[in-house]
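*Asks:* Sharing a structure with you now.
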Amino acid sequence: TQTLTILGLESSCDDTAAAVVRQTAGDAAAILSSVVVGQVDLHAGFGGVVPEIAARAHAEKIDLCVEQALQKAALTLTDIDAIAVTSGPGLIGGVLSGVMCAKGLSAGSGKPLIGVNHLAGHALTPRLTDEAAFPYLMLLVSGGHCQFLIAKGVDDFTRLGGTIDDAPGEAFDKTAKLLGLPQPGGPAVEAEAHKGDAKRFPLPRPLLDRPGCDMSFSGLKTALLRTRDKLVAEHGGLRQQDRADLCASFQTAVSDVLAEKTRRALTLYQELNPAQPTLAVAGGVAANQQLRAVLETVCADNNTSFTAPPLALCTDNAAMIAWAGLEQFRAGHRDDLTLSARPRWPL
Ligand code: KG4
Ligand code: ZN
Numbered sequence: 002t003q004t005l006t007i008l009g010l011e012s013s014c015d016d017t018a019a020a021v022v023r024q025t026a027g028d029a030a031a032i033l034s035s036v037v038v039g040q041v042d043l044h045a046g047f048g049g050v051v052p053e054i055a056a057r058a059h060a061e062k063i064d065l066c067v068e069q070a071l072q073k074a075a076l077t078l079t080d081i082d083a084i085a086v087t088s089g090p091g092l093i094g095g096v097l098s099g100v101m102c103a104k105g106l107s108a109g110s111g112k113p114l115i116g117v118n119h120l121a122g123h124a125l126t127p128r129l130t131d132e133a134a135f136p137y138l139m140l141l142v143s144g145g146h147c148q149f150l151i152a153k154g155v156d157d158f159t160r161l162g163g164t165i166d167d168a169p170g171e172a173f174d175k176t177a178k179l180l181g182l183p184q185p186g187g188p189a190v191e192a193e194a195h196k197g198d199a200k201r202f203p204l205p206r207p208l209l210d211r212p213g214c215d216m217s218f219s220g221l222k223t224a225l226l227r228t229r230d231k232l233v234a235e236h237g238g239l240r241q242q243d244r245a246d247l248c249a250s251f252q253t254a255v256s257d258v259l260a261e262k263t264r265r266a267l268t269l270y271q272e273l274n275p276a277q278p279t280l281a282v283a284g285g286v287a288a289n290q291q292l293r294a295v296l297e298t299v300c301a302d303n304n305t306s307f308t309a310p311p312l313a314l315c316t317d318n319a320a321m322i323a324w325a326g327l328e329q330f331r332a333g334h335r336d337d338l339t340l341s342a343r344p345r346w347p348l
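Residue 2 is where the sequence shown starts when you use UniProt numbering, and the numbers rise one by one after that.
What follows is the structure in C-alpha cells.
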C-alpha cells in the first residue's frame with residue numbers, strides 16, 4: 002500500500018486556493034490542509050466576477066496560499082509526491098496563475114506535475130468525502146456550471162445533459178442583483194425565500210416540456226424582471242414581502258426544474274447501470290437547503306442513495322484538486338512543463 006501526498010492548486014474562478022491531501026491506498030483520504038482566499042469583496046461593486054481583477058488577485062495570492070497550505074500540513078515540498086493544478090476550464094488569467102506557479106514548484110523541486118480538470122475535481126469529491134464507488138450519478142450545480150454526469154472512472158465521465166444557457170448559481174446571483182440583495186446571491190436569496198410564499202408568483206419551469214435532461218435558467222430571470230417591474234410600478238417600490246415572495250417563488254422554480262431533470266437523469270442512468278444508484282451533488286448551489294431537501298426526496302422515491310459533500314468542499318477549493326490529482330496520479334497520469342492552461346475543457 003503506497004501513501005501519496007499531493008499538493009493541489011486552484012485559481013480558475015474567484016477563489017485562490019491550495020491544499021494538501023494524503024491517502025494510503027485502500028484507506029480513507031485525509032485533508033491535511035485547505036486554504037481558500039476568496040475575492041468577493043474585490044468584485045462587489047461590479048455585479049459579477051471581473052476577469053482582469055480576478056487574474057491579478059490570483060497572481061498575488063497563489064504563492065501565499067501554497068506556503069500556508071504546506072505550513073498548516075507541517076510539510077515542505079520535499080514531502081510532496083506530486084503537484085496537482087487546475088489547468089482548465091475557467092478564466093484564462095486565473096488558470097494561468099495557477100499553472101505557472103505549479104510549473105515553478107515542479108521545476109524547482111523536481112516533483113511531478115498533474116493538470117486537473119476543475120469539473121473532474123468537483124465530480125470526484127464524493128470519493129474524497131464518502132468513498133463513493135464508481136459508477137455514480139453526479140449533479141454539478143455552481144455559478145458557472147450545471148450538468149449531469151455519470152462518473153465511471155478517475156478520468157471517465159459521461160455527460161447526460163446540462164444547462165443550455167445560465168447556470169443556476171448565476172441565476173441566483175442575477176436574481177439577487179435584480180432585487181437589491183448582496184452578492185453572492187445564493188445565500189441572500191435563500192435567506193429571503195425562508196420568509197416568502199413560493200406559490201404567490203407563477204414563474205416558468207423552462208424545458209420541462211421537452212425530453213432529456215437539458216435545462217435552461219435564463220427565461221426565469223426575464224420572468225422575474227417582468228414581475229418585479231410590475232410590482233414596482235404598482236407600489237412605487239419593492240415591498241419587503243414582495244421581495245421575499247419573489248425569492249421563494251424563484252427558488253422553488255429552480256428546485257422544481259432540477260428535481261424533475263434529476264428524475265430523468267436517474268432513469269437514463271439506470272438504463273445504463275442496473276445496480277442500485279447513488280446521486281452525488283456538488284458545486285456552490287448544492288449548499289441550498291431547499292434544493293438538497295428536494296433532491297433527497299427524489300432519491301428516496303427512486304431507491305437511490307444521496308450524498309452531498311460538506312459545504313466547504315461543494316464550493317471551489319483546492320482539496321478537490323489535490324484529491325483528483327491523487328486519484329489520477331495513482332492511475333498513471335503525469336504532465337510535464339509543457340502543460341498549458343485550457344479556458345475550455347469539457348469533461
Ligand atoms: O462552486 P462555486 O463556489 O463557484 C463556481 O461557480 O464554480 O459556486 C458559487 C455559486 C454562486 O453563484 C452562489 O450564488 C451559489 O453558488 N450559491 C448558492 C448558495 N450558496 C452559494 N446558490 C443557492 N443557494 C445557496 N445557499
Ligand atoms: Zn467550481
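Virtual Cβ for every residue (Gly too), placed ideally from N, Cα, C.
All values derive from a computational prediction rather than experimental measurement.
Let's see if you can read the secondary structure: which residues bound the alpha helix (DSSP H) around residue 314?
*Replies:* For the purposes of this step, residue 314 is taken as residue 313 along the sequence shown, with counting starting at 1. Taken as a continuous stretch (DSSP letters only), the alpha helix (DSSP H) holding residue 314 covers 312-315.
*Asks:* Sorry if obvious, but does the Cβ on residue 316 come closer than 6 Å to a heavy atom of the ligand KG4?
*Replies:* Working through the sequence shown from its first residue, we reach residue 316 at position 315. Answer for residue 316: yes, Cβ within range of the ligand KG4.
*Asks:* Residue 248 by DSSP, collapsed to three states: which one?
*Replies:* For the purposes of this step, residue 248 is taken as the residue at position 247 of the sequence shown. Correct three-state label for residue 248: helix.
*Asks:* Would residue 89 and residue 12 be called neighbours here (beta carbons separated by less than 7 Å)?
*Replies:* Numbered from 1 along the sequence shown, position 88 holds the residue referred to as residue 89. Numbered from 1 along the sequence shown, position 11 holds the residue referred to as residue 12. Taking 7 Å as the Cβ cut-off, residue 89 and residue 12 do not qualify as a contacting pair.
*Asks:* Out of 152, 38, 220, 321, which one is the CA nearest neighbour of residue 167?
*Replies:* Locating residue 167 in the sequence shown gives position 166, counting from the first residue. That would be 220, whose Cα lies nearest to the Cα of residue 167.
*Asks:* Starting from the C-beta of residue 349, find all residues in its chain whose C-beta is less than 7 Å away, skip the five residues before and the five after it, and write them out in chain order.
*Replies:* One cannot answer for residue 349 here, as it falls past the ends of the chain, which runs 2 to 348.
*Asks:* Reducing DSSP to helix, strand and coil, say where residue 295 ends up.
*Replies:* Taking the sequence shown and counting its residues from 1, one reaches residue 295 at position 294. Three-state DSSP puts residue 295 in a helix.
*Asks:* Please tell me whether residue 285 and residue 110 are closer than 7 Å, where the distance is taken between their beta carbons.
*Replies:* Position 284 of the sequence shown, counting from 1, holds the residue named residue 285. Position 109 of the sequence shown, counting from 1, holds the residue named residue 110. No, they are not a contact pair.
*Asks:* Quick check for students: name the residue ranges of the alpha helix (DSSP H) that lie wholly in the stretch 52-104, counting only runs of 4 or more.
*Replies:* Listed in chain order, the complete alpha helix (DSSP H) runs (minimum 4 residues) inside the stretch 52-104 are 52-73.
*Asks:* Suppose the cutoff is 6 Å on Cβ atoms and the five residues either side in sequence are ignored; what does the same chain contact list for residue 122 look like?
*Replies:* Translated into the one-based positions of the sequence shown, residue 122 becomes position 121. Excluding positions up to five away in sequence, the list reads 321, 322, 325.
*Asks:* Taking residue 16 as the reference, give the member of 8, 39, 33, 267 with the closest Cα.
*Replies:* Your numbering for residue 16 matches position 15 in the sequence shown. Nearest option by C-alpha distance: 39.
*Asks:* With DSSP collapsed to three states, give me the class of residue 9.
*Replies:* Along the sequence shown, one-based indexing puts residue 9 at 8. In the structure shown, residue 9 sits in a strand (DSSP, three-state: E or B).
*Asks:* Around the Cβ of residue 192, are there at least 16 other Cβ atoms within 10 angstroms (buried) or fewer (exposed)?
*Replies:* If you number the sequence shown from 1, residue 192 lands on position 191. It is exposed - the Cβ of residue 192 has fewer than 16 other Cβ atoms within 10 Å.
*Asks:* May I ask you to list the residues that DSSP assigns as paired with residue 216?
*Replies:* Stepping through the sequence shown from its first residue, residue 216 is reached at position 215. Paired residue(s): 164.
*Asks:* On the DSSP letters alone, give me the boundaries of the beta strand (DSSP E) that residue 16 sits inside.
*Replies:* If you number the sequence shown from 1, residue 16 lands on position 15. It spans 16-25 - the beta strand (DSSP E) in which residue 16 sits, taken as one unbroken run.
*Asks:* Going by DSSP, what residue range makes up the beta strand (DSSP E) through residue 340?
*Replies:* Stepping through the sequence shown from its first residue, residue 340 is reached at position 339. No beta strand (DSSP E) holds residue 340; DSSP gives it neither H nor E.
*Asks:* Taking DSSP as the reference, what is the three-state secondary structure of residue 40?
*Replies:* Position 39 of the sequence shown, counted from the first residue, corresponds to residue 40. Looking at residue 40 - three-state DSSP - the assignment turns out to be coil, as it is neither helix nor strand.
*Asks:* Does the beta carbon of residue 288 fall short of 6 Å from some heavy atom of the ligand KG4?
*Replies:* Here residue 288 refers to the residue found at position 287 of the sequence shown. True, at least one ligand heavy atom lies under 6 Å from that Cβ.
*Asks:* Residue 186: which of 174, 197, 180, 179 sits nearest, CA to CA?
*Replies:* Here residue 186 refers to the residue found at position 185 of the sequence shown. The residue with the shortest Cα to Cα distance from residue 186 is 174.
*Asks:* Distance, Cα to Cα, residue 44 vs residue 218?
*Replies:* Working through the sequence shown from its first residue, we reach residue 44 at position 43. Working through the sequence shown from its first residue, we reach residue 218 at position 217. If you take the alpha carbons of residue 44 and residue 218, they lie about 23 Å apart.
*Asks:* Once you ignore the five residues that flank residue 23 on each side, which residues in its own chain have a CB closer than 6 Å to its CB?
*Replies:* Within the sequence shown, numbered from 1, the residue matching residue 23 stands at position 22. 6, 31, 33, listed in sequence order.
*Asks:* Can you tell me where the beta strand (DSSP E) with residue 384 in it begins and where it stops?
*Replies:* Residue coverage of the chain in this structure runs from 2 to 348, which leaves residue 384 outside it and unanswerable.
*Asks:* Bridge partners of residue 283, per DSSP?
*Replies:* One-based indexing of the sequence shown puts residue 283 at position 282. Paired residue(s): 141.
*Asks:* Three or more C-beta pairs closer than 8 Å, one from the stretch 335-347 and one from the stretch 129-142: is that the case here?
*Replies:* With the cut-off at 8 Å, the stretch 335-347 and the stretch 129-142 do not touch.
*Asks:* Does the structure place the stretch 148-156 close enough to the stretch 125-136 that three or more beta carbon pairs sit under 8 Å?
*Replies:* Flag = yes, the stretch 125-136 and the stretch 148-156 touch.
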